[in-house]
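Novice: Protein chains in written order, with my numbering: chain R, 4 to 219; chain G, 4 to 219.
2 protein chains.
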Amino acid sequence: MDRCLLVLVELCRRLKSESDSLSISSSELGSLLGISQQSASRYLSELERRGFIFHSGRRVSLTSEGVSLLRELYLCLHDFFESSLPLVVEGRVVSGIGEGAYYVCEYSPLFEKQLGFKPFFGTLNLQLIGFCPSLERFVSGVIKPFRRGDRMFGEVKYIPVSLIGDSWYEDCFLILPKRTHHKKELEIIARENLREKHKLKDGDTLKVEIKDISPR
Amino acid sequence: MDRCLLVLVELCRRLKSESDSLSISSSELGSLLGISQQSASRYLSELERRGFIFHSGRRVSLTSEGVSLLRELYLCLHDFFESSLPLVVEGRVVSGIGEGAYYVCEYSPLFEKQLGFKPFFGTLNLQLIGFCPSLERFVSGVIKPFRRGDRMFGEVKYIPVSLIGDSWYEDCFLILPKRTHHKKELEIIARENLREKHKLKDGDTLKVEIKDISPR
DNA sequence: ATTACTAACTTTCGAGTAT
DNA sequence: TATACTCGAAAGTTAGTAA
Numbered sequence: 004m005d006r007c008l009l010v011l012v013e014l015c016r017r018l019k020s021e022s023d024s025l026s027i028s029s030s031e032l033g034s035l036l037g038i039s040q041q042s043a044s045r046y047l048s049e050l051e052r053r054g055f056i057f058h059s060g061r062r063v064s065l066t067s068e069g070v071s072l073l074r075e076l077y078l079c080l081h082d083f084f085e086s087s088l089p090l091v092v093e094g095r096v097v098s099g100i101g102e103g104a105y106y107v108c109e110y111s112p113l114f115e116k117q118l119g120f121k122p123f124f125g126t127l128n129l130q131l132i133g134f135c136p137s138l139e140r141f142v143s144g145v146i147k148p149f150r151r152g153d154r155m156f157g158e159v160k161y162i163p164v165s166l167i168g169d170s171w172y173e174d175c176f177l178i179l180p181k182r183t184h185h186k187k188e189l190e191i192i193a194r195e196n197l198r199e200k201h202k203l204k205d206g207d208t209l210k211v212e213i214k215d216i217s218p219r
Numbered sequence: 004m005d006r007c008l009l010v011l012v013e014l015c016r017r018l019k020s021e022s023d024s025l026s027i028s029s030s031e032l033g034s035l036l037g038i039s040q041q042s043a044s045r046y047l048s049e050l051e052r053r054g055f056i057f058h059s060g061r062r063v064s065l066t067s068e069g070v071s072l073l074r075e076l077y078l079c080l081h082d083f084f085e086s087s088l089p090l091v092v093e094g095r096v097v098s099g100i101g102e103g104a105y106y107v108c109e110y111s112p113l114f115e116k117q118l119g120f121k122p123f124f125g126t127l128n129l130q131l132i133g134f135c136p137s138l139e140r141f142v143s144g145v146i147k148p149f150r151r152g153d154r155m156f157g158e159v160k161y162i163p164v165s166l167i168g169d170s171w172y173e174d175c176f177l178i179l180p181k182r183t184h185h186k187k188e189l190e191i192i193a194r195e196n197l198r199e200k201h202k203l204k205d206g207d208t209l210k211v212e213i214k215d216i217s218p219r
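1. Would G:Asn128 be called buried (16 or more neighbouring beta carbons within 10 Å of its own) or exposed?
2. Nearest by alpha-carbon distance to G:Ser67: which of G:Ser111, G:Ile191, G:Ser22 is it?
3. Can you look up G:Glu158 in the DSSP assignment and give me helix, strand or coil?
4. State the DSSP-derived secondary structure class of R:Asp82, mapped to helix, strand or coil.
5. Note down the Cα distance separating G:Arg194 from G:Asp215, rounded to an integer number of angstroms.
6. Confirm, please, whether the CB-CB distance from G:Asp205 to G:Val96 is below 8 Å.
7. Is R:Asp205 close to chain G? Criterion is C-beta to C-beta, closer than 8 Å.
8. Ignoring anything shorter than 4 residues or poking outside the region 70 to 157 of chain G, list the alpha helix (DSSP H) runs there in chain order.
9. The alpha helix (DSSP H) that contains G:Ser48, what's its start and end?
10. Run down chain R in chain order and give the residues with a C-beta less than 7 Å from the C-beta of G:Glu139.
11. Verify the CB distance criterion: does R:Leu8 have a CB-CB separation below 8 Å to chain G?
12. Using DSSP bridges, identify the partner residues of G:Glu173.
13. Which same chain residues, not among the five before or five after R:Arg154, have their C-beta less than 7 Å away from its C-beta?
14. Taking 8 Å as the threshold, find out whether the region 194 to 203 of chain R comes into contact with the region 110 to 128 of chain R through three or more Cβ pairs.
15. Quick check: the Cα distance between R:Arg61 and R:Leu32, rounded to an integer number of angstroms?
16. Can you tell me which of G:Tyr105, G:Leu8, G:Ile213, G:Leu36 puts its alpha carbon nearest to the alpha carbon of G:Ile56?
17. What residues from chain G crowd round R:Tyr77, counting only those whose CB sits closer than 8 Å?
18. R:Gly54 touches chain G at which residues, Cβ-Cβ below 8 Å?
19. Closer than 9 Å, Cβ to Cβ, to anything on chain G: give me those residues from the region 31 to 44 of chain R, in chain order.
20. By DSSP, does G:Leu197 sit in helix, in strand, or in coil?
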């Protein structure tokens, strides 16, 4: 719940590009934000301390971290306002380190209960080609964290998708483990071993279609 | 400096469209935002009280005011990230109520001092065709508010632009008076009476080109 | 003019808890 | 389970002011 983001947005309103800078005093910024000069000054210091802006005298510009923060916000809003369903993303088959099998096995009873089928003990991993849309809004269910023995298993969210190959498609699930925010890699679980069934090898490109299965 | 906007963004992350709704408890929302269940509950009430969301039980959806607020944020970021200069907007000549002449006359000495020329006592008003980009970031200067006699004159910002007609163009200034946020109408001042010089009549369409005159 | 410190004031937070 | 109240603590704000 970081008010700094609101200040950053106010600054970006007056910037023409990522590398642009602007000339503003703390009291000017304060009146733009409806706060005092003192508070504006404090926000500028904090933004600088946290590495979001460069600030010297009246000159203010964004650091790449600052731009990233704003871009993340922008993409989230972009996906909301410009979403066109069904959403299709493309990815290239890659090999995981085989740990997928272990995890799917451990979560298996819960997947079976919530998804209605027993998944193949392994994940198909896809390296995203191009941009990664924010997938949070398509999450159709969540597997709660649990412990088995002395091992903790984290929350896993899932999204129903169609995986589309050359001349076939499969209804399966994209899974989003809480920790691993690869962001550039998708993990998919299905009823069967898709790698074998469709003779997939690393580098093959597949499409993933996210349909609108509302309401949740 | 309204933290509610940050909560609204967090909700919109999980919504597929403007009319979508989601199911979330105050404690779930709290953990998404890194705040307590109590605070999340308070934010939900406040968002509802202020007319940004509908909220009943676990169900949350956006009102049109909520969507507008997010859209305003989205457009601001859009203009920042997707700006392509020079920016050209199109407008249709319309008649003001003639008050432009009075104001330009009153501000004239200041325009002359800051812009380097004595403007024609009148404004050329253009009704925007299509979308209005946020112009704040192109402001090249500001005329400070002042009083003359017992009359107050508010702040006026200006942006250097090229006005482009059929077979002519003029370098002039777009002015943004503090109060009048027409948002759909542009006011332009120039050295001469452009209406006479170029035989303009209501309904004629002109282009306004905003060039990048950095740094400020 | 400007920034930014301190100190007093105000708002917001969240543990405890009633419903 | 859940929401939402109270109230002491924590965080944030700003007037006054020094630099």
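Every residue gets a Cβ at the ideal spot worked out from N, C-alpha and C, and that includes glycine.
Specialist: If we stick to the structure as given:
1. Translated into positions along the second sequence, residue 128 of chain G becomes position 125. Answer is buried; the Cβ neighbour count reaches 16.
2. Walking along the second sequence from the start, residue 67 of chain G turns up at place 64. Checked all of G:Ser111, G:Ile191, G:Ser22; the closest Cα to G:Ser67 is G:Ser22.
3. Residue mapping note: residue 158 of chain G aligns to position 155 of the second sequence, counting from 1. Correct three-state label for G:Glu158: coil.
4. Looking up residue 82 of chain R in the first sequence gives position 79. Note: R:Asp82 maps to helix in three-state DSSP.
5. Your numbering for residue 194 of chain G matches position 191 in the second sequence. Your numbering for residue 215 of chain G matches position 212 in the second sequence. One C-alpha to the other measures close to 21 Å.
6. As a working note, residue 96 of chain G is residue 93 in the second sequence. As a working note, residue 205 of chain G is residue 202 in the second sequence. The answer is yes: Cβ separation under 8 Å.
7. Counted from its first residue, the first sequence places residue 205 of chain R at position 202. No, R:Asp205 lies away from the interface with chain G (no Cβ there is under 8 Å from its Cβ).
8. 102 to 118
9. Taking the second sequence and counting its residues from 1, one reaches residue 48 of chain G at position 45. Residues 40 to 52.
10. Mapped onto the second sequence, residue 139 of chain G falls at position 136. Under the 7 Å cutoff, chain R gives Arg16, Arg17.
11. Mapped onto the first sequence, residue 8 of chain R falls at position 5. Yes, its Cβ sits closer than 8 Å to a Cβ of chain G.
12. In the second sequence, the residue the question calls residue 173 of chain G occupies position 170. Partner(s): G:Leu166.
13. Indexing the first sequence from 1 puts residue 154 of chain R at position 151. Counting only Cβ-Cβ distances below 7 Å, and skipping sequence neighbours, we find nothing.
14. yes
15. Against the first sequence, residue 61 of chain R aligns to sequence position 58. Against the first sequence, residue 32 of chain R aligns to sequence position 29. Computed Cα separation, rounded: 11 Å.
16. As a first step, residue 56 of chain G must be located in the second sequence, where it is residue number 53. With distances taken between Cα atoms, G:Ile56 lies closest to G:Leu8.
17. Start at 1 with the first residue of the first sequence, and residue 77 of chain R comes out as number 74. Residues of chain G passing the Cβ test: Tyr77, Leu80, His81, Phe83, Phe84.
18. Taking the first residue of the first sequence as position 1, residue 54 of chain R is located at position 51. The contacting residues do not exist; R:Gly54 stays about 19 Å from chain G at best.
19. Leu36, Gly37, Ile38, Ser42
20. Counted from its first residue, the second sequence places residue 197 of chain G at position 194. Helix at G:Leu197.
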